[in-house]
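Below: the structure, in C-alpha cells.
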Amino acid sequence: MERDVVDSVPHKKSVMTKQKLSISVLLSKHFTARNIDHHDNALLINSCVEYILTKDEGLAIVARHLKRTLGEFGGHPAEYLTVEENFNTVNHWFCQLIFGCPVEQFILNVLNSSLKADHGSLTDDRHLTAASLLAAINAVIDKPQLGPGSRYLSAETKTWIINEIIFPIMPTLSLDATKASLFAVGTLNWGYLHAGMRLANSLGLANEEWSIEEMIQLGYSLEDMLAEGALPEWMSIFFDLSALFYHIYSTPPQSTEELAVFFQQNSPFRQRVITDYFSANSQLKESSNPFILYHKAIDNFKTRTKTAEEKLKSDCPLADGSDYTHYINQYKNGPIFCLSKPDGTSGYLSDIDSIYSDQIDNIASLFIPVDGLLIAHAFEKLAEAEQNFISSAAVYTASAYFSARGSLRTQQAIRVIPRHSYTVSLSHSVDLFSATAQQETRMYALESTAQGYTLSRVDEDQSLYYELMEDPQKCRTDSDYKLKINYHRLKSNNLKDKVDNVEEMISRLVEQHKNYLKTQLHQQGYEETSQQHLKRILLPIFIPFYGCYTDARDRKTEAIPACLGDLISLLPVGGMAVSLSARFAQRTMLGSIVAFRRTISSLAARQSLSVALKSASGHLIKYGIAPAMSTIDRKALTGIGISTFDAVFPGVGLSVRMGHKIVRQIINLAKKTKGRIGVLTKLQAKLAQSTALRTHDIAPHHMAHFAGLEQPVPVVRLLGHQAGGHDVYLRINPDTNTLYGTKYTLSAENTLQKIPLPLARRLHNILHYGLSGRGAPRAVEGLGARNQPSGSQGVPFQDISADQLIKWAEYHAKNSPGDMPSFAMKLGITLNHLEYFARADGSLTIHGQRLLSNAGIGTLNEMVYLPPELQKQILSYLDLTSLKNVVLALPVLPQELIQVTNLRALSHERINSLRSYYYSTWESWRSIGSRGSRRWLAGSRMRTCLENAQTELSIGGFNLRTLPVHFPPSVRKLDVSANHLPDLNINWPPALAEVNFSFNQLNSFPTLPDSVVTVHAQSNRIASLDAPLPLNLVFLDLSNNRISSLSVSLPPMLAQLNLNGNQLTTFDTSLPPMLRSLQLQNNRLTRISASLPSEVLFLDVSRNLLTQISHLPKKLIRFIANDNNLQNLPTLPLTLKHLDIANNNVMILPKLPKKIQYVNAGHNVIAYIDLLPDDITVLMLQHNIIMRIRGDLPLKLKSLIINNNLLGQIPAWPANLQKAILSHNHLTLLPEAPIPPSLRLLDVRHNYLTAIPEGLPIHTHSHFTPQRALPPQ
C-alpha cells in the first residue's frame, strides 16, 4: 500500500513536491473525509501532526514515506530507523515547509527582524529578552501558511514546532520566565548557558536535574575541552548561535543574506565569528575576575623608590643622560618643587607618600574578595558538625606558642637570655581562634597554604600545633618545649557573637589579613627591595595558589591537576554569585554567602578558573593554569575524535546525539579532576549511568571514499536487493550505529557511487548487523498463545454476549447475592465460563468489561430501563468511546422518557469524570517534567488513546524519566522503551497484555498484572527477579541485563525466554513444559543442570564457558553453541535442522540427523567426517584437522567451506554447489565430474594441485591458485 503511494508520484517534479504528494496521498487515505491538497501547506502539516499524534506508528510511517521519496535507507518497512531518526526526518521536512530554511537560520532571521523593528522588547543594553524572542517566533508561526485559503497552523502543530524544532536548537527559550529573565539573548553569559544546555541535551541529560549555574559551567567546561583539543572540533556547533547572536549585537547591522553565509559548509565567516566570540569572553574574564585583578596589582607593585623615579620621569623630566638618584632620595623624604613640568609650568609634585598609600589601598581592596572567597571555601570544606558548632558559638582570636622557659633554672637566666631564644611563635600564616557554645570550647586553626586556606580543629592537642609554628622541627624534637595557649576574651578579639552569622566572622578575619598585608607592603616600600624579593616574602601568605606557580615553574606536573580542581571549585559563573558556599550556608542556616557584601561585593567572575588563570604574560596565573590544562593526561583526553563528516547527520541538525567515544572522553576528563569540579563530577555520574545501558557492539564496517576525496568514510553493506548486480552500501557512524540514508554501490577502486534516485526508491534492503531475529518474538508469542488452553489461562470464550452480561448484573441486583451456577445453567454455559467474565458480587472481570465496551449501541440502549444504581455500575465498566456511543444513541428528543434523560445525564457525568481524572493527572505529570523530554507528546498520545479507546500506546524514545501514575484503561499493548526510566511504580492498565520497557535504567523487575502475555525488558540494569512473573506470560526478553541467578518461578505458559548478555554462571532453573525457545548466549555459564523440556525448538548457549552438555530436547530444530569449551556433544535430535558448534574443542562430530540443513563446525579438532545427510545446504568445517570425507558430498549442498584442513582429495561436485572454499589443504587433484553450472566461487589457494580439470578457467601454481569468481555458464 505504502509503496503504491510513492510510486504514483510523477518523477519530473522537485523532491519537495514529491514528498508533499506522497504524504498527501497517505493522509487522504487515513482521513477519508478530507481532501488534502499537497499545495495547502497548513492543511498538509496539520493533518500530518494529527496523524502522528493519533496513530502509534504514524511517526515511523511518515518518516518512511519521506525517506522513500528521497531513495534513502529507511524508506521500506524492513529498513529500520530509530525513533530519534524518525523525529529528525519529519522535523527537517517541517522546517523546509514552514520556514523554507534550516531552523537555525529561521531563528536568526527572527532575531534580526526583531532588532530592526525595536518594538520596545529590548533590554537597556539593546538585547532581546528570551521571552521577547519566543514571542517573535510565535508571531511568525501564527501567520497564514502558503497555499489556497491561507490556512493557519493548528494549536497541536504549533506545540510540535516549539517543542520539537525550536527548543532543541534554542533550549534557553524553554526556561521559565524567572530564570530566562536573568539572561538577555546574545550576551556572553547567555551564550555559555545556551552551549551548556545543548551539550546536556545531546548527552541525554534532563534539564531539570541541573541548575542554571551548572549549565553555564558545562558551557565553560565545553570551551575548555575544545580549546585544549580534548574534544573534536565539530562540537563547536554548540556555540554557533551563541557566537552568531553576539556578533549581531557587537557589530554594525548586517542583512539576513550576509549572516546566512555563517551556515555554509566550511564558512570562513563562521570561523571568524566563533573566534571573536571566545576572544571577547577571554577579555571580559580578565577584566572582571578578582584573582586576575589582584595578581595584576601585585605584579605591578612599585616600591617608594620606583614610584618616585617614575613620577619624576613623567612629571618632571631631566635633560637626557641626567642622573635622577639625588632627586629621587630628596622626593622620598619630602615634597619636591619642579621648575620645568612637561606643560611648561612649575610647582610641587604630588606627595609620594599619598601616591604610595593609594597603591597599597588599591591592592588591599582587590585582596578583600579573593581572601573572602578562600576563607568561605575553607569553611565549606569543614565537617558539617563543626560548621554547625561555629555558627552557634561565640568566637574569639587566640594565640599559641611553644616555650622552653620551664627548663631554665633561675630567674637570672630568664632575664639574661632573650625570650625568642626559648620560644617558638605561631606562624604569621595561621589564625587561631576559640569557639564557645553550650559550655564547650573548641580551638580551630585557619592556615594559609599554597592553594588558599585550610581550616581544622586542633583544640589543645599539642601534636596538631607543630606544623603551625615558625619552627616545627624544634617544637617536635626538643621535649623542653611545651605548648602554651592564650585564650582572649576582650571585645577587640571578638570575631563573632553567638547570634552573629559566620559572614561576620569571615569579614573580621579578612579585615585582619588586609591590615597585615598593608603593613607588609608599607615596610617593603621603604626598603630597596626588588619585586622578586617582594614576591618571595608575600606570595606564600598573601598570593593564593603560589604552589601552582612554583610547581609549574619547577615542572612538577603531577601536582597541577589538584591546583586546577581547587581553583575551579571556588568561583561561580555568569556573574551570578548565587550561593558561593551553598552547602555551608544551607547547613548552618546562615543565608546566602552573597550577604557577605564586604568580602565579595566586587566579585564578577564569569567563568571557571581553569580559563580565568590564562591571563596575559607576566601574571602569576598564567604560570599556574596554562601548564595545568595541558598536563591533565592529554592522551586520556584527546583520543580519536569523530570528524564533522562522520558525526553530524547531513541536513538534519535538529538533534545531535553523542557517540560512545565522545561520552567516554568527557567521562575521562571528569575523572581526572578527582571530584574537585562539582559539575564535572555530576556529569561523570550521569553519563556513567547512561553509558552502561548503551551495550551495542561496534558495527562491522569497512572504509571507502568518494571520488576526488582522500578522506575515507566508514560504510556498511546491506542485504536484500542489489543495484545492477552490485551490493548496496550505506555510510555509518560505527560509534553510534547511526546510518546515513543515501544508498551507494562500491566500485572496484573502493569508490562510493550514488545509486540513481528512481532505482534507489525501488530497492528493499536490511542492515545485516544487529537486526537478526526480527519477528521471532511475535512468532513465538503466537505459537505460545495457540498452545494456551481456553478458560482461566487468558483466552476469552467466544459464546457469551454483552447482553448476557447486562442480564447477569440485573439478575444479581434483583437476587443479591446472585446464584452464579443457576444463572450459568440458564445460559447454557459452564460456571468456569461465566467466572471468566463476571464475579459473584455482580461486578465484571476485566474480560467482561472489555466485552461490554465492544458492545453495539442496541445492547447499550437496553440499560434505559435498569435502575439508576445499576446503570451507574454498568457505565463504570465502559471506556470513553463506548460512553460517547451511549450519548449518541440517546439524542435529545421532545417528550422523551425520563429514563432516557437520566441515562444520558449519567453518561455525560461519567465522561466528564473520566476526562477530569485522567487529564488532570497527566497535566500535573507533564508540568513538572523537563522541556527536553517529550512529555507534551506523550500526553497528547494518551489523550487520543483515552478518547478513542485505543488498545495500543507507544511513548518509547520520548526521553522520559518518569511515567504518569495512570494510563488509559483500554491499553493492551504499552511501549515505554528507550527512555531513562529508573523504576515503574505505576498503575498498569487492567487489560494489559504486552509491555515493552527495554532500553531504560531499571534496577529491578516491576510487578506486572497476570494479564500480561509479552514482556520486553532487555537492556536495563536488572540484577535479579524478585517480583513474581505474570501467570499468563508467554514471551520474556531479559537480554543485556545484570542477572546472575534465576530463582523466580517461571510461568507455566512461557514459550520464549531470552537471557542473552547477562551474568549467569550456572543454570538450574525449573523450566515450564511449554517452553519453545531458550537463549543463554554471552553469559558465564560453566554448566547447565536444568532439565530442558522436550518441546524446546530453539536453543542458543553460545559464547559461554561450557565444557559439556548432557542432553538436548527431543524436538529441537535449531542448536547454537559456538564459542565454548565443548569437547563432545550428546546425541543430536532427529528434528535438528541447524547446528552451530564453531570455536570449541570438539574432536568427534556426532551422527547428523537426516533433516539437518545447516552445519557450522569450524575451528575445532575434528579429524574425520562420516556420511553426510543429503539435505545439508551449508557445510562449514574450516580450521580442523580433517584428512578425508567418507562418501559423497550432500546432494543439496550450496556452500562448502572446508579450508585449513588436511584434505588430500574432495568427493565429486554436488549439482547445486555455488561456493567452495578449499584453500590451505593438501589437495593434489580436483574432482573430475562435470562442473556444476551454479558454481560461482572456487578458492583452491595454498594446495598441491598438479592438474586442473578441463572447464575450470583458472591459472595454477605449485602451491597457490588465486581465488576466482567464475563467469555465468
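Following the working numbering from start to finish, the sequence shown increments by one per residue and tops out at 1363. No residue lacks a Cβ here, since even glycine has one placed at the ideal position from N, Cα and C.
Is the Cβ-Cβ distance between residue i and residue j less than 8 Å?
i	j	result
Ile252	Val193	no
Ala484	Lys588	yes
Lys1202	Pro1183	Note on identity: in this sequence residue 1202 is Leu, with Lys being the wrong assignment. Not a contact, by the Cβ cut-off of 8 Å.
Arg124	Ser112	no
Leu88	Asp1333	Here the chain has residues from 91 to 1363 only, and residue 88 is not among them.
Gln1146	Asn1173	no
Leu1123	Pro1141	yes
Leu116	His155	yes
Ala267	Ala221	yes
Ile1246	Leu1226	yes
Phe1048	Pro1079	no
His1070	Asn1093	no
Lys1241	Asp1265	no
Arg288	Pro322	no
Tyr384	Ser332	no
Leu607	Ala454	yes
Ala1310	Leu1296	no
For the beta strand (DSSP E) containing residue i, name the first residue and the last one.
i	result
Leu1147	1146-1148
Phe335	Run containing Phe335: none in the beta strand (DSSP E); it sits in the alpha helix (DSSP H), 330-340.
Tyr577	572-577
Phe189	Element bounds for Phe189: n/a, residue is neither H nor E.
Ser481	It is not in any beta strand (DSSP E) - Ser481 instead sits in the alpha helix (DSSP H) that spans 474-481.
Suppose you measure from the CA of residue i to the CA of residue j; what does that come to, to the nearest Å?
i	j	result
Asn1274	Ser1181	32 Å
Glu474	Ser553	24 Å
Ile788	Gly1151	Reliability of the predicted coordinates at Ile788 is poor, the pLDDT of 49 falling under 50, and the value obtained from them is presented with this limitation in mind. Approximately 16 Å, taken between the alpha carbons.
Pro234	Met1032	29 Å
Leu973	Ile890	21 Å
Thr1104	Phe1087	11 Å
Leu223	Leu1098	47 Å
Pro1327	Asn1306	8 Å
Met1277	Ile1342	21 Å
Asn823	His795	14 Å
Ser1101	Ala1232	41 Å
Val600	Ile480	17 Å
Thr920	Arg994	35 Å
Leu464	His518	17 Å
Ser398	Lys422	What sits at residue 398 in the sequence shown is Ala, not Ser. The straight-line gap from Cα to Cα measures roughly 7 Å.
Leu816	Ser943	Just to set this straight, residue 816 is His in the shown sequence, not Leu. Taking the straight line from one Cα to the other gives about 55 Å.
Val1055	Ala899	30 Å
Lys962	Asp893	16 Å
Glu303	Leu295	16 Å
Asn1254	Lys1205	26 Å
Within the present structure, is the beta-carbon of residue i separated from the nearest heavy atom of the ligand ATP by less than 7 Å?
i	result
Leu111	Looking for the ligand ATP in the displayed structure turns up nothing, as the structure carries no ligands at all.
Would you mind reading off the limits of the alpha helix (DSSP H) that contains residue i?
i	result
Tyr1007	988-1017
Asn1038	1025-1038
Phe381	380-389
Glu1084	Glu1084 -> not in any alpha helix (DSSP H); beta strand (DSSP E) instead, spanning 1084-1086.
Met1277	Per DSSP, Met1277 belongs to no alpha helix (DSSP H) and is neither H nor E.
Ile151	148-160
Q.
Whether or not the stretch 1106-1114 and the stretch 1130-1143 are in contact is what I'm after, with contact meaning three or more pairs of Cβ atoms, one per stretch, closer than 8 Å; do they touch?
A. yes
**Q.** Complete beta strand (DSSP E) runs within the stretch 520-569 (minimum length 3 residues, chain order)
**A.** The qualifying runs are 520-527, 530-539, 542-547.
Q: Kindly confirm or deny that the stretch 149-166 and the stretch 261-280 touch, where touching means at least three C-beta pairs closer than 8 Å.
A: no
Q. Mind pulling the beta strand (DSSP E) runs of 3 or more residues that sit fully within the stretch 228-290?
A. none
(Q) I'd like to know if the stretch 969-989 and the stretch 926-934 are in contact, where contact means that at least 3 CB-CB pairs between them fall below 8 Å. (A) no
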